[in-house]
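Novice:
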Amino acid sequence: MKSVDERYYDDHPGSLRLAGGGRRAFPDGATHDSRWITPFPIYMTRSEGAHKWDVDGNRYVDYVVGHGAILLGHSHPAIVEAVREQMGRGTHVGGATELEIRWAEIVNKLVPCSEKVRFHSSGTEADLMAFRLVRAYTGRDKILKFHHHFHGWSDYVVLSPEGEAAGVPQGMAETVVQVAPEIGEVERALDREPEIAAVILEPTGAFGGMLPVTPEFLRQLRDVTLRAGVLLIFDEVITGFRTSLGGVQGRYGVTPDLSTHAKILAGGLPGAAVVGKAEILDMIQHRGDPEWDARRRVAHPGTFNANPLSAVAGATCLEILDREPVNERVEAMTERLKSGLNGVLAGLGIPGFAYGLASGVFVALGVEGEWDEENGCTVPDATLNASKDPARAGALRKALLNEGVDIQGGWSWRLTAAHTEEDVDFSVEAYEKALRALIREGWPVSGVAAAETAAG
Ligand SMILES: Cc1ncc(COP(=O)(O)O)c(C=O)c1O
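Following this note's numbering, the numbering of the sequence shown begins with 745 at its first residue and continues without gaps.
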């Protein structure tokens, strides 16, 4: 029987050929850290619904879903049509459009904290703007973030939990306070650091919910920040419109001062926004006062802010989400996937469990534990985080690609409205085949011995 690597080479000759060009053109041969995969990446040609196809004609059930940007399924006909029509009218009119108002109005309708909106091109930019707004608004320089919570790749937030990152000036790193997501730690940091302007977090937990935080933690955080006079920012770049129509804030009724959005916001095209209290967003507003306008107002240019293609794709997508019970459908399909993956683990005698809320799924492999939405996970973050170990995640991703399934980074499954029962059942079978293939190669999952017996 072929090894995982042998199958990977044999089934993907076209990708292997293209990878030479990729390596000449790009560091790592890749254009995104999480697309870096050894020995070579798979080169995709097209995507539709829940599927995508590579240059060798292999079909995949897709759980990367545009790094979480796709919720209606790839190439949704209404979005394709709206973008096609707009392409003919102009991709950049260099001025205001009615589309940007339509887009902002649906955002204001859906996102509870949103009184005003400012559009950007990426989630990284939206988070950067949120930091600048809260600094200007409070007159304080520091931001509190949580270990491992991801807020893009800007200098402020790319830091390791130890506060380091190559190429980031020390002075910049000193403006960021990092603590574990525990309310006592937050209270102590706010007491210790009067310069903190705001607390930012991924409101389902680090890595899109892989290291979960509980709704109770969000409620406590809201109380503590209000008492301390510190602003609260939800980074809803990945959770927005996905965990509910109103994101995490809509799901739990905890309203931050600002939230940042991207991905689904722009219907699968590049686009992002910072939204929230009007008086904070209005730090960007000109006031006709020369001192304010020249020195105290927050500047915000950006060539592709609210560009017409992203605006029409975003507005079309969000209006569909508003009209149709998409989230409910996706969530039901996600439950089917979770219980299927749990069934595979039980069947193979591998300790572990699939968890995650709304349309996101993670698997804690090799450990016993439990997760539920209200109480979070019984397994410590450090143990859950081990599933992201690049060697282990890379091996699983490769083995799954061989079976016709693609998951992000080898650790994150996300669904769309286009995933059917058939897709999910196929993926569960693929997961079992992938695990069996890895186990045959001596993959270090505790409980492997039992699994080998089960695998026969
Ligand atoms: C929670 C969160 N914040 C920010 C970002 C950065 O967004 P972008 O990749 O659009 O810059 C991401 C991207 O995955 C994210 O998941």
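Each residue gets a CB set at the ideal place from its N, CA and C atoms; glycine is no exception.
All values derive from a computational prediction rather than experimental measurement.
Could you give the first and the last residue of the continuous beta strand (DSSP E) run that contains Ala1017?
Specialist: Numbered from 1 along the sequence shown, position 273 holds the residue referred to as residue 1017. Taken as a continuous stretch (DSSP letters only), the beta strand (DSSP E) holding Ala1017 covers 1016-1020.
Novice: Around the C-beta of Ser791, are 16 or more other C-beta atoms found within 10 angstroms, so that it is buried, or is it exposed?
Specialist: Your numbering for residue 791 matches position 47 in the sequence shown. Buried is the call here.
Novice: For Leu1081, which residues of its own chain have a beta-carbon under 6 Å away from its beta-carbon, when the five flanking residues on both sides are left out?
Specialist: For the purposes of this step, residue 1081 is identified with residue 337 of the sequence shown, where counting begins at 1. The answer, listed in chain order, is Val1105, Val1168.
Novice: Tell me the rounded alpha-carbon separation between Ala1181 and Ala1143.
Specialist: Walking along the sequence shown from the start, residue 1181 turns up at place 437. Walking along the sequence shown from the start, residue 1143 turns up at place 399. Those two C-alpha atoms are separated by around 7 Å.
Novice: Quick one: grab the DSSP three-state call for Lys1082.
Specialist: Translated into the one-based positions of the sequence shown, residue 1082 becomes position 338. It is helical.
Novice: Express the C-alpha separation of Pro1095 and Tyr1175 in angstroms, rounding to a whole number.
Specialist: One-based indexing of the sequence shown puts residue 1175 at position 431. One-based indexing of the sequence shown puts residue 1095 at position 351. Computed Cα separation, rounded: 15 Å.
Novice: Can you say whether Val737 is buried or exposed, counting buried as having 16 or more other CB atoms within 10 angstroms of its CB?
Specialist: Here the chain has residues from 745 to 1200 only, and residue 737 is not among them.
Novice: In the DSSP output, which residue or residues are listed as bridge partners for Ala950?
Specialist: As a position in the sequence shown, residue 950 is number 206, starting the count at 1. Paired residues: Leu955.
Novice: Does at least one heavy atom of ligand 1 sit under 6 Å from the Cβ of Ser866?
Specialist: As a position in the sequence shown, residue 866 is number 122, starting the count at 1. Yes, the Cβ of Ser866 comes within 6 Å of a heavy atom of ligand 1.
Novice: Put Arg986 into one of helix, strand or coil per three-state DSSP.
Specialist: Taking the sequence shown and counting its residues from 1, the one referred to as residue 986 is at position 242. In the structure shown, Arg986 sits in coil (DSSP, three-state: anything other than H, G, I, E or B).
Novice: Per DSSP, Trp1187 is paired with what?
Specialist: On the sequence shown, position 443 is the one that residue 1187 refers to. Note: Trp1187 sits in no beta bridge, so no partner.
Novice: Just to check my reading of the structure: Ile1028 and Pro1000 have Cβ atoms closer than 8 Å, yes? What is that Cβ distance to the nearest angstrom?
Specialist: Translated into positions along the sequence shown, residue 1028 becomes position 284. Translated into positions along the sequence shown, residue 1000 becomes position 256. Not confirmed; about 18 Å, so no contact.
Novice: Alpha carbon to alpha carbon, how far is Thr1160 from Gly817? Give it in angstroms, no decimals.
Specialist: To locate residue 817, count along the sequence shown from 1; it is residue 73. To locate residue 1160, count along the sequence shown from 1; it is residue 416. Their Cα atoms are separated by approximately 5 Å.
Novice: For a quick check, are the C-beta atoms of Gly1011 and Thr1060 less than 7 Å apart?
Specialist: For the purposes of this step, residue 1011 is taken as the residue at position 267 of the sequence shown. For the purposes of this step, residue 1060 is taken as the residue at position 316 of the sequence shown. Contact: yes.
Novice: Is it buried or exposed for Thr1078, if we count other Cβ within 10 angstroms and need 16 for buried?
Specialist: In the sequence shown, residue 1078 corresponds to position 334, counting from 1. Counting Cβ neighbours within 10 Å, Thr1078 comes out buried, since at least 16 surround it.
Novice: Could you have a look at His891 and say whether DSSP puts it in helix, strand or coil?
Specialist: Taking the first residue of the sequence shown as 1, we reach residue 891 at position 147. Three-state DSSP puts His891 in coil, outside helix and strand.
Novice: So is the beta-carbon of Asp979 under 6 Å away from any non-hydrogen atom of ligand 1?
Specialist: In the sequence shown, counting from the first residue as 1, residue 979 sits at position 235. Yes - ligand 1 has a heavy atom lying nearer than 6 Å to the Cβ of Asp979.
Novice: Count the CB pairs spanning the stretch 786-800 and the stretch 809-825 that are closer than 8 Å, and state whether there are at least three.
Specialist: Yes, since at least three Cβ pairs between the stretch 786-800 and the stretch 809-825 fall closer than 8 Å, the two stretches touch.
Novice: Check each candidate in Phe1097, Leu888, Tyr881, Gly949 and name the one with the smallest Cα separation from Val1042.
Specialist: Position 298 of the sequence shown, counting from 1, holds the residue named residue 1042. Checked all of Phe1097, Leu888, Tyr881, Gly949; the closest Cα to Val1042 is Tyr881.
Novice: Would you kindly work out how many angstroms separate the C-alpha atoms of Gly765 and Val799, rounded to a whole number?
Specialist: Numbered from 1 along the sequence shown, position 21 holds the residue referred to as residue 765. Numbered from 1 along the sequence shown, position 55 holds the residue referred to as residue 799. Using only the alpha carbons, I get a separation of about 14 Å.
Novice: Starting from Gln914, follow the alpha helix (DSSP H) in both directions and report where the run begins and ends.
Specialist: Taking the first residue of the sequence shown as position 1, residue 914 is located at position 170. Its alpha helix (DSSP H) spans residues 914-917.
Novice: Apart from the five residues just before and just after Val1207, which ones in its own chain have a Cβ nearer than 6 Å to its Cβ?
Specialist: There is no way to answer for residue 1207, as the model of the chain reaches only from 745 to 1200.
Novice: Contact defined as beta carbons within less than 8 Å: I believe Tyr1099 pairs with Ala1090. What is the distance between those atoms, to the nearest angstrom?
Specialist: Position 355 of the sequence shown holds residue 1099. Position 346 of the sequence shown holds residue 1090. So it is not a contact: roughly 14 Å between Cβ atoms.
Novice: For Glu1063, I'd like the list of residues in its chain whose CB is within less than 7 Å of its CB, leaving aside the five on either flank, ordered along the chain.
Specialist: Within the sequence shown, residue 1063 is the residue found at index 319, counting from 1. Contacts found: Ile850.
Novice: Enumerate in chain order the residues of its own chain whose CB-to-CB distance from Ala972 is below 6 Å, with the five nearest sequence positions on each side excluded.
Specialist: Your numbering for residue 972 matches position 228 in the sequence shown. Hits under 6 Å: Leu934.
Novice: What are the boundary residues of the beta strand (DSSP E) that His1005 is part of?
Specialist: Taking the sequence shown and counting its residues from 1, the one referred to as residue 1005 is at position 261. Its beta strand (DSSP E) spans residues 1002-1005.
Novice: Buried or exposed: which applies to Arg761, given that a residue is buried once 16 or more other Cβ atoms fall within 10 Å of its Cβ?
Specialist: Stepping through the sequence shown from its first residue, residue 761 is reached at position 17. Burial call: exposed.
Novice: DSSP beta-bridge partners for Val805?
Specialist: Along the sequence shown, one-based indexing puts residue 805 at 61. In DSSP, Val805 forms a bridge with His795, Val1149.
Novice: Just mark Leu962 as buried or exposed, buried being the case when its beta carbon has 16 or more other beta carbons within 10 Å.
Specialist: Here the question's residue 962 lines up with position 218 in the sequence shown. Its Cβ being crowded by 16 or more others within 10 Å, Leu962 is buried.
Novice: Pick helix, strand or coil for Val851, following the three-state DSSP scheme.
Specialist: Mapped onto the sequence shown, residue 851 falls at position 107. Looking at Val851 - three-state DSSP - the assignment turns out to be helix.
Novice: Which first and last residues belong to the beta strand (DSSP E) in which Leu872 is found?
Specialist: Taking the sequence shown and counting its residues from 1, the one referred to as residue 872 is at position 128. Counting along the chain, Leu872 falls outside any beta strand (DSSP E), though it belongs to the alpha helix (DSSP H) covering 867-882.
Novice: By the three-class DSSP mapping on this structure, what secondary structure does His811 have?
Specialist: Here residue 811 corresponds to residue number 67 of the sequence shown, with the count starting at 1. Three-state DSSP puts His811 in a helix.
Novice: Which residue comes first and which comes last in the alpha helix (DSSP H) that contains Ile823?
Specialist: Here residue 823 is taken as the residue at index 79 of the sequence shown, counted from 1. Start and end: 821-833.
Novice: Can you tell me the Cα-Cα spacing of Phe1170 and Pro757, whole angstroms?
Specialist: In the sequence shown, counting from the first residue as 1, residue 1170 sits at position 426. In the sequence shown, counting from the first residue as 1, residue 757 sits at position 13. Computed Cα separation, rounded: 24 Å.
Novice: Are there 16 or more other CB atoms within 10 angstroms of the CB of Asn1071, so buried, or fewer, so exposed?
Specialist: Working through the sequence shown from its first residue, we reach residue 1071 at position 327. Buried: at least 16 other Cβ atoms inside 10 Å.
Novice: Can you tell me whether DSSP reads Ala1108 as helix, strand or coil?
Specialist: Looking up residue 1108 in the sequence shown gives position 364. Strand at Ala1108.
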